[in-house]
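K.L.:
Protein chains in written order, with this note's numbering: chain A, 134 to 469; chain B, 342 to 708. There's a structure below that I have some questions on.
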Amino acid sequence: MPIKVGIPSALLFYDYYPLWITFFEELGADVIVSKNTNKEIVDMGIKNTVDEACLPVKVFHGHVLDLKNKVDLIFIPRITSVSKYEYICPKFCGLPEMIKYSIKDLPEIIDTNIDFRKSKKNLNRTVMEIGGYITKDVKKIKNAFEIAMKEYSRYKDLIKKGFLPIDTLKKDIYSKGDFFRGKAKVLLLGHPYNIYDPHISMDLVQKLRKHNLTVVTCESFCEEAMNEKAATLDKKMFWSFGRKILGTVLSAIKNDEICGIIYLSSFGCGLDSVIGDIAERRIRRDSNKPFTLLTIDEHTGEAGVDTRIEAFVDMIKWRDEHENNLSPHRKFIHSN
Amino acid sequence: MKITFPHIGNSYIPIKALFEDLGVETVIPPKSSKKTLELGTKNAPELICLPLKINLGNYIESIAKGADTIIITGGCGPCRFGYYCEVQKEILKDMGYDVDIIVLEAPEGNKKEFIRRVSKIANTKNIVKISKSLKNAITVLKKLNALEEMVLKARPYEVHENEVDKLYNNFIDKLEKSRGSREMINHLNNAVEMMKEIKLDKNREVLRVGIVGEIYAVIDDYCNFDIGKKLNKMGVEVHKSLSTGEWITEMLLFRSMGMSKEMKIWEAANPYIKTCIGGHARETVGNTVLYSKEEYDGVIQLMPFTCMPEIVAMSMMPSIQEEKNIPILTLIIDEMTGEAGYLTRLEAFIDLLRNRKDKRISQTVDS
Ligand code: SF4
Ligand code: SF4
Numbered sequence: 134m135p136i137k138v139g140i141p142s143a144l145l146f147y148d149y150y151p152l153w154i155t156f157f158e159e160l161g162a163d164v165i166v167s168k169n170t171n172k173e174i175v176d177m178g179i180k181n182t183v184d185e186a187c188l189p190v191k192v193f194h195g196h197v198l199d200l201k202n203k204v205d206l207i208f209i210p211r212i213t214s215v216s217k218y219e220y221i222c223p224k225f226c227g228l229p230e231m232i233k234y235s236i237k238d239l240p241e242i243i244d245t246n247i248d249f250r251k252s253k254k255n256l257n258r259t260v261m262e263i264g265g266y267i268t269k270d271v272k273k274i275k276n277a278f279e280i281a282m283k284e285y286s287r288y289k290d291l292i293k294k295g296f297l298p299i300d301t302l303k304k305d306i307y308s309k310g311d312f313f314r315g316k317a318k319v320l321l322l323g324h325p326y327n328i329y330d331p332h333i334s335m336d337l338v339q340k341l342r343k344h345n346l347t348v349v350t351c352e353s354f355c356e357e358a359m360n361e362k363a364a365t366l367d368k369k370m371f372w373s374f375g376r377k378i379l380g381t382v383l384s385a386i387k388n389d390e391i392c393g394i395i396y397l398s399s400f401g402c403g404l405d406s407v408i409g410d411i412a413e414r415r416i417r418r419d420s421n422k423p424f425t426l427l428t429i430d431e432h433t434g435e436a437g438v439d440t441r442i443e444a445f446v447d448m449i450k451w452r453d454e455h456e457n458n459l460s461p462h463r464k465f466i467h468s469n
Numbered sequence: 342m343k344i345t346f347p348h349i350g351n352s353y354i355p356i357k358a359l360f361e362d363l364g365v366e367t368v369i370p371p372k373s374s375k376k377t378l379e380l381g382t383k384n385a386p387e388l389i390c391l392p393l394k395i396n397l398g399n400y401i402e403s404i405a406k407g408a409d410t411i412i413i414t415g416g417c418g419p420c421r422f423g424y425y426c427e428v429q430k431e432i433l434k435d436m437g438y439d440v441d442i443i444v445l446e447a448p449e450g451n452k453k454e455f456i457r458r459v460s461k462i463a464n465t466k467n468i469v470k471i472s473k474s475l476k477n478a479i480t481v482l483k484k485l486n487a488l489e490e491m492v493l494k495a496r497p498y499e500v501h502e503n504e505v506d507k508l509y510n511n512f513i514d515k516l517e518k519s520r521g522s523r524e525m526i527n528h529l530n531n532a533v534e535m536m537k538e539i540k541l542d543k544n545r546e547v548l549r550v551g552i553v554g555e556i557y558a559v560i561d562d563y564c565n566f567d568i569g570k571k572l573n574k575m576g577v578e579v580h581k582s583l584s585t586g587e588w589i590t591e592m593l594l595f596r597s598m599g600m601s602k603e604m605k606i607w608e609a610a611n612p613y614i615k616t617c618i619g620g621h622a623r624e625t626v627g628n629t630v631l632y633s634k635e636e637y638d639g640v641i642q643l644m645p646f647t648c649m650p651e652i653v654a655m656s657m658m659p660s661i662q663e664e665k666n667i668p669i670l671t672l673i674i675d676e677m678t679g680e681a682g683y684l685t686r687l688e689a690f691i692d693l694l695r696n697r698k699d700k701r702i703s704q705t706v707d708s
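Have a look at this one:
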């Protein structure tokens with residue numbers, strides 16, 4: 134019987150799922166992805182995590198619990214860094230420990246350290262270590278990784294075309310052309326696991342789309358341009374999330390196509406308290422785009438969020454009507 | 342140029358010595374107070390950790406006293422502290438202050454830039470002069486740390502009430518009034534000698550508690566409601582696992598010292614946490630284990646609300662408590678923390694420790 138590998142569909146799942154799933158499948162493992170986030174998972178997570186943790190970490194605990202009795206191995210790597218001189222977040226560095234000490238009787242954990250802070254030189258070793266849990270066949274691991282990387286770059290191409298990671302999870306991705314709704318673009322900022330998890334975000338992406346807005350995220354922006362902008366900060370941003378978000382904000386400020394910006398932040402997230410604040414200050418100082426900061430945790434009510442979204446959308450519409458009157462040529466100035 | 346800096350514990354004393362030796366004018370921020378915290382809370386992001394709020398308040402109060410240059414320390418993550426400087430810059434800019442902010446760090450390993458910044462602050466390029474002043478300031482720091490440690494150890498045993506405090510406060514006062522390191526070192530030597538003279542009743546039943554946690558919360562007595570003194574008054578001898586010494590060496594060298602003491606702490610932490618995850622989470626875990634080995638009666642973990650590294654450490658505490666058989670209390674502090682509630686929790690914990698100890702003693706007598 135093939136080994137069953139469980140992958141929690143939380144935290145960086147949305148960034149890397151095609152890579153992870155394909156890799157383990159190519160190695161011959163039976164991959165089991167935890168259920169989509171639902172109330173039960175959230176509640177289990179809350180019950181089994183220290184109170185002070187942020188919602189995404191609690192939700193991750195819930196996903197691990199969902200897999201606990203179904204698999205032989207659970208994939209919880211210690212993702213310290215994915216880019217040079219950068220980190221993800223202290224909690225990611227300590228995630229395998231948090232899980233081990235909060236949830237008893239777990240199957241074996243694949244807790245390989247993924248750390249490319251100094252260089253990507255240890256990539257091969259990292260891949261071998263992870264693959265080694267399934268097979269000792271070095272060639273097979275190499276091969277599986279190559280195929281997985283191809284799948285991953287195909288995924289990234291889709292994102293570049295304007296699809297969002299959640300769209301790619303749908304089976305009928307090509308038949309549905311209506312992801313790109315209206316012309317007006319809204320920039321949605323925040324951690325991928327907040328904005329792409331419909332349960333956590335209370336379906337924010339779809340709600341905005343229903344208002345005839347096109348939702349763009351950091352993933353939709355050109356990485357080079359984003360990095361160039363991020364490099365103008367006085368001090369290098371050492372969180373990868375932060376570099377992306379602030380780089381995107383700085384380009385979006387000058388981009389007339391973006392007609393509003395929403396920052397979805399986690400209550401108690403150390404990164405958001407810093408990045409969100411700098412983002413907000415820059416947006417308010419250097420642009421007049423409508424901006425809203427939505428902070429969510431397990432106690433946030435959907436009605437309140439809906440009201441905030443509606444107020445935000447109204448502001449965009451109002452601006453659109455009034456500013457169009459003032460500047461009829463506006464749409465031609467920046468057409469590309 | 343009038344330089345100011347944030348408060349953390351008594352670090353202003355060696356910093357004052359340093360700048361006075363260098364002949365640089367400084368503005369020492371008024372002691373952190375309720376007003377400081379209010380100013381900081383009002384202007385800082387709502388969900389940022391407490392140290393930033395208090396420090397921001399320090400700057401605002403210093404600017405009001407004429408400071409025009411702020412020195413902030415840097416760092417390169419993964420915890421928030423490394424980006425404090427940028428958040429503070431943005432806030433002060435929006436508040437309309439025109440101050441120069443110098444971040445004391447070597448950006449991306451650039452040593453030249455670091456030296457440039459240091460000589461700008463020190464107002465001299467004379468490296469010999471700078472290192473000499475630095476060396477003397479570190480002497481002040483070490484002696485001050487030693488004195489503080491003595492106070493926390495001696496207070497619960499003093500025969501005449503408040504004798505330790507009187508002496509300690511008197512010396513802090515003298516240090517504040519002195520100019521330059523030499524005078525301070527003299528005072529500190531005297532203080533240590535006089536401390537030794539204080540009459541102590543070593544036969545008292547006293548509990549021993551170790552303090553671990555986020556460095557600012559552990560060191561700064563405004564932030565932690567002077568937890569050391571509060572515990573001392575309950576008849577508890579206190580040891581803090583971190584002191585301004587660690588803070589300053591880390592700040593100057595951008596890394597921990599990797600000294601034998603540190604290796605020992607990491608080794609103790611190893612079964613639970615193997616890597617550095619930012620802040621002092623690893624030290625929190627390691628020191629807790631060490632306190633249990635040294636048969637302390639309990640450990641208190643202090644952390645600002647939402648502190649990322651300490652949350653990770655906190656999730657291991659129940660297991661450590663069980664496996665190492667040592668009671669642990671985690672206290673989370675933010676601007677809303679009330680002193681009364683805080684004290685109640687401390688008292689309840691100390692009661693628990695006392696009962697536990699009594700039971701153990703009677704058990705050993707029985708057997
Ligand atoms: S980045 Fe923020 S939300 Fe994500 S794990 Fe860290 S603290 Fe939590
Ligand atoms: S260690 Fe904790 S309190 Fe200190 S800066 Fe980092 S997150 Fe904030």
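By construction, the Cβ of each residue, glycine as well, lies at the ideal position given by its N, Cα and C atoms. As the structure is a prediction and not an experimental result, all values here were calculated from the model.
Is any beta-carbon of chain A found at less than 9 Å from that of I462/B?
P.N.:
Stepping through the second sequence from its first residue, residue 462/B is reached at position 121. So, not an interface residue.
K.L.:
Which bits of chain A does M649/B rub up against, with CB to CB less than 7 Å?
P.N.:
Translated into positions along the second sequence, residue 649/B becomes position 308. Near M649/B (Cβ distances below 7 Å), the residues of chain A are C222, P223, K224, G403.
K.L.:
Taking the C-alpha atoms as reference points, what is the distance between K507/B and N611/B?
P.N.:
Taking the second sequence and counting its residues from 1, one reaches residue 507/B at position 166. Taking the second sequence and counting its residues from 1, one reaches residue 611/B at position 270. Note on geometry: alpha-carbon atoms of K507/B and N611/B lie some 42 Å from one another.
K.L.:
Considering only residues of the same chain and omitting the five flanking positions on each side of Y613/B, which have a CB-CB separation below 6 Å?
P.N.:
The residue labelled residue 613/B in the question sits at position 272 within the second sequence. Once the five neighbours on either side are set aside, the close Cβ partners of Y613/B are V626, M657.
K.L.:
Could you name each continuous alpha helix (DSSP H) segment of 4 residues or more that falls completely within the stretch 450-535 of chain B, going from the start of the chain to the end?
P.N.:
452-463, 468-495, 504-518
K.L.:
To the nearest angstrom, how far is the alpha carbon of K233/A from that of I140/A?
P.N.:
Indexing the first sequence from 1 puts residue 233/A at position 100. Indexing the first sequence from 1 puts residue 140/A at position 7. Their Cα atoms are separated by approximately 16 Å.
K.L.:
For the alpha helix (DSSP H) that contains L228/A, what are its first and last residues?
P.N.:
By 1-based counting over the first sequence, the position of residue 228/A is 95. Segment 228-235, the alpha helix (DSSP H) holding L228/A.
K.L.:
For ligand 2, I want to know if C187/A counts as a neighbour, meaning its beta carbon is within less than 8 Å of at least one of the ligand's heavy atoms.
P.N.:
Counting from one through the first sequence, the residue named residue 187/A turns up at place 54. For ligand 2, not one heavy atom lies less than 8 Å from the Cβ of C187/A.
K.L.:
Any heavy atom of ligand 2 closer than 8 Å to the CB of M649/B?
P.N.:
Walking along the second sequence from the start, residue 649/B turns up at place 308. Checking every heavy atom of ligand 2 against the Cβ of M649/B, one is found closer than 8 Å.
K.L.:
Hey, out of G264/A, I136/A, S216/A, whose CA is closest to A249/A's CA?
P.N.:
Locating residue 249/A in the first sequence gives position 116, where the first residue counts as 1. Looking at the sequence itself, residue 249/A is Phe, so the reference to Ala does not match. Among G264/A, I136/A, S216/A, the Cα nearest to that of F249/A is on S216/A.
K.L.:
Is L701/B near ligand 2, with its Cβ less than 8 Å from a heavy atom?
P.N.:
Here residue 701/B refers to the residue found at position 360 of the second sequence. In the sequence as displayed, the identity of residue 701/B is Arg instead of Leu. It does not: the Cβ of R701/B is nowhere closer than 8 Å to a heavy atom of ligand 2.
K.L.:
Over the uninterrupted beta strand (DSSP E) stretch that includes F208/A, give me the two end residues.
P.N.:
The count along the first sequence starts at 1 and reaches residue 208/A at position 75. Unbroken beta strand (DSSP E) run through F208/A: 206-208.
K.L.:
Within the same chain, show all residues whose beta-carbon is closer than 7 Å to that of L475/B, passing over the 5 residues directly before and after it, in chain order.
P.N.:
To locate residue 475/B, count along the second sequence from 1; it is residue 134. Excluding positions up to five away in sequence, the list reads L359.
K.L.:
Just mark A277/A as buried or exposed, buried being the case when its beta carbon has 16 or more other beta carbons within 10 Å.
P.N.:
Locating residue 277/A in the first sequence gives position 144, counting from the first residue. Buried, since its Cβ has 16 or more Cβ neighbours within 10 Å.
K.L.:
Name the chain A residues that come within less than 8 Å of R709/B, Cβ to Cβ?
P.N.:
Chain B is shown only over 342 to 708; residue 709/B falls outside these bounds and no answer can be derived.
K.L.:
Which whole-angstrom value is the C-beta distance of W372/A and L321/A, which I expect to be below 8 Å?
P.N.:
If you number the first sequence from 1, residue 372/A lands on position 239. If you number the first sequence from 1, residue 321/A lands on position 188. About 19 Å; that fails the 8 Å criterion.
K.L.:
Determine, using beta carbons only, whether P497/B comes closer than 9 Å to chain A.
P.N.:
Along the second sequence, one-based indexing puts residue 497/B at 156. Cβ-Cβ to chain A under 9 Å: no for P497/B.
K.L.:
Tell me whether H324/A, by its Cβ, gets closer than 8 Å to a heavy atom of ligand 1.
P.N.:
As a first step, residue 324/A must be located in the first sequence, where it is residue number 191. It does: the Cβ of H324/A is within 8 Å (strictly closer) of some heavy atom of ligand 1.
K.L.:
Do you know whose CA, among K570/B, M525/B, I354/B, lies nearest H580/B's CA?
P.N.:
If you number the second sequence from 1, residue 580/B lands on position 239. It is K570/B whose Cα lies nearest to the Cα of H580/B.
K.L.:
CA-CA distance, L670/B and E688/B?
P.N.:
Walking along the second sequence from the start, residue 670/B turns up at place 329. Walking along the second sequence from the start, residue 688/B turns up at place 347. If I take the Cα positions, the gap works out to 11 Å.
K.L.:
To the nearest angstrom, report how far apart S308/A and T301/A are at their CA atoms.
P.N.:
Taking the first sequence and counting its residues from 1, the one referred to as residue 308/A is at position 175. Taking the first sequence and counting its residues from 1, the one referred to as residue 301/A is at position 168. Below a pLDDT of 50, predicted positions are generally treated as unreliable, and S308/A, at 48, falls in that range; the measurement from the model is reported next regardless. S308/A and T301/A: Cα-Cα distance of roughly 12 Å.
K.L.:
With three or more beta-carbon pairs closer than 8 Å as the criterion, would you say the stretch 410-418 of chain B touches the stretch 443-451 of chain B?
P.N.:
With the cut-off at 8 Å, the stretch 410-418 of chain B and the stretch 443-451 of chain B touch.
K.L.:
Along the chain, where does the alpha helix (DSSP H) that runs through E663/B open and close?
P.N.:
As a first step, residue 663/B is located in the second sequence; it is residue number 322 there, counting from the start. Unbroken alpha helix (DSSP H) run through E663/B: 658-665.
K.L.:
What are the boundary residues of the beta strand (DSSP E) that N309/B is part of?
P.N.:
As displayed, chain B neither begins before 342 nor continues past 708, which places residue 309/B out of reach and without an answer.
K.L.:
Who are the near neighbours of I416/A in its chain, counting only those whose CB is closer than 7 Å to its CB and skipping five residues on each side?
P.N.:
For the purposes of this step, residue 416/A is taken as the residue at position 283 of the first sequence. Excluding sequence neighbours, I416/A sits near V382, I386, I394, K422, F424.
K.L.:
Do you know offhand how far A162/A's Cα is from N181/A's?
P.N.:
On the first sequence, residue 162/A is found 29 positions in, with the first residue counted as 1. On the first sequence, residue 181/A is found 48 positions in, with the first residue counted as 1. Near 28 Å, if we compare the C-alpha coordinates of N181/A and A162/A.
K.L.:
For D435/B, go through chain A and note every residue whose CB falls closer than 9 Å to its CB, in chain order.
P.N.:
As a position in the second sequence, residue 435/B is number 94, starting the count at 1. By Cβ distance, chain A contributes R414, R417, R418.
K.L.:
Quick one: complete beta strand (DSSP E) runs, 3+ long, within the stretch 381-429 of chain A?
P.N.:
391-399, 424-429
K.L.:
Does the Cβ of G403/A lie closer than 8 Å to at least one heavy atom of ligand 1?
P.N.:
The residue you call residue 403/A lines up with position 270 of the first sequence. Result yes, Cβ under 8 Å from ligand 1.
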